[in-house]
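Peer 1:
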Amino acid sequence: MLLPLDWQQPVVGATSNDWHPESFWFAPWGDSVTHKGIDIFGQQGQGVVAAHNGIRLYQGELKKGGKVVLILGPEFKLSYYAHLDSINQDLGVFIRSGDAVGTLGKSGNAKDKPAHLHFSVISMLPYIWRWDLSQQGWKKMFYMDPNAYLKTAS
0 MLLPLDWQQP VVGATSNDWH PESFWFAPWG DSVTHKGIDI FGQQGQGVVA AHNGIRLYQG
60 ELKKGGKVVL ILGPEFKLSY YAHLDSINQD LGVFIRSGDA VGTLGKSGNA KDKPAHLHFS
120 VISMLPYIWR WDLSQQGWKK MFYMDPNAYL KTAS
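Be aware that the sequence shown starts at 0, since it is given in numbering that gives the first Met the number 0, and climbs by one per residue.
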């Protein structure tokens, strides 16, 4: 878990034009108050892959996220993949960067929106200096801006 992260774009064929870089921590954002990730748009059924090596902690359905996968990677970073149309049922416990996670969709609270992947990066260790007085500012200690990681994606 102390090895450096080797990032990969999680939506097959997506480019930085497929998400709005300023949507991270945008408010207001419905019941969530702030947007704690980015939405990468594409075509329904487009492939979604693991952004890094890690251990699959969860796959299943959540009310807001719909069909989701949660992967623990190096540096104690979690990556969260939400609104999937389908989840790869052959997904093992040990994940390699680029392994098929599922397909792009509109599950959960995204059913009336264009197909997209909600992608979040969460640190299990708090970055205390990131806390501020903005809405839900204390959560900034844990939620990382995915843009910084995707800029390093190969």
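Beta carbons: idealized from backbone N, C-alpha and C, even for Gly.
Going by C-alpha distance, which of H117, D30, Q58, A26 is nearest L94?
Peer 2: Residue 94 sits at position 95 when you count from the first residue of the sequence shown. Just to set this straight, residue 94 is Ile in the shown sequence, not Leu. Nearest C-alpha to I94: Q58.
Peer 1: Following the continuous beta strand (DSSP E) through A99, name the residue where it begins and the one where it ends.
Peer 2: On the sequence shown, position 100 is the one that residue 99 refers to. Residues 99-103.
Peer 1: Would you mind sorting P20 into buried or exposed? The rule is 16 or more other CB atoms within 10 Å of its CB.
Peer 2: Position 21 of the sequence shown, counting from 1, holds the residue named residue 20. Classification for P20: exposed.
Peer 1: Determine the direct distance from the alpha carbon of D84 to that of V67, and round the result to whole angstroms.
Peer 2: As a first step, residue 67 is located in the sequence shown; it is residue number 68 there, counting from the start. As a first step, residue 84 is located in the sequence shown; it is residue number 85 there, counting from the start. Here the C-alpha atom of V67 lies approximately 9 Å from the C-alpha atom of D84.
Peer 1: With respect to the alpha helix (DSSP H) encompassing A147, which residues constitute its N-terminal and C-terminal limits?
Peer 2: Taking the first residue of the sequence shown as 1, we reach residue 147 at position 148. Looking at the DSSP string, the run of the alpha helix (DSSP H) that includes A147 is 145-149.
Peer 1: Quick test of the definition: if touching needs 3 or more C-beta pairs under 8 Å, does the stretch 31-51 touch the stretch 127-146?
Peer 2: yes
Peer 1: With DSSP collapsed to three states, give me the class of S65.
Peer 2: Taking the sequence shown and counting its residues from 1, one reaches residue 65 at position 66. It is worth fixing the name first, because residue 65 is Gly in this sequence and not Ser. Looking at G65 - three-state DSSP - the assignment turns out to be strand.
Peer 1: Opposite L90 in the DSSP bridges: which residues?
Peer 2: Taking the sequence shown and counting its residues from 1, the one referred to as residue 90 is at position 91. Answer is none; L90 lacks a bridge partner.
Peer 1: Measure the CB-CB distance between S119 and F141 and report whether it falls below 7 Å.
Peer 2: Taking the sequence shown and counting its residues from 1, the one referred to as residue 119 is at position 120. Taking the sequence shown and counting its residues from 1, the one referred to as residue 141 is at position 142. No, Cβ-Cβ distance for S119 and F141 is not below 7 Å.
Peer 1: Please state the DSSP three-state secondary structure of R129.
Peer 2: The residue you call residue 129 lines up with position 130 of the sequence shown. In this structure, R129 counts as helix in the three-state DSSP scheme.
Peer 1: Using DSSP with H/G/I as helix, E/B as strand and the rest coil, what is K138?
Peer 2: Counting from 1 along the sequence shown, the entry for residue 138 is found at position 139. The answer is helix: DSSP assigns K138 an H, G or I state.
Peer 1: Roughly how many whole angstroms lie between the Cα atoms of K76 and S15?
Peer 2: Counting from one through the sequence shown, the residue named residue 76 turns up at place 77. Counting from one through the sequence shown, the residue named residue 15 turns up at place 16. Here the alpha carbon of K76 sits roughly 22 Å from the alpha carbon of S15.
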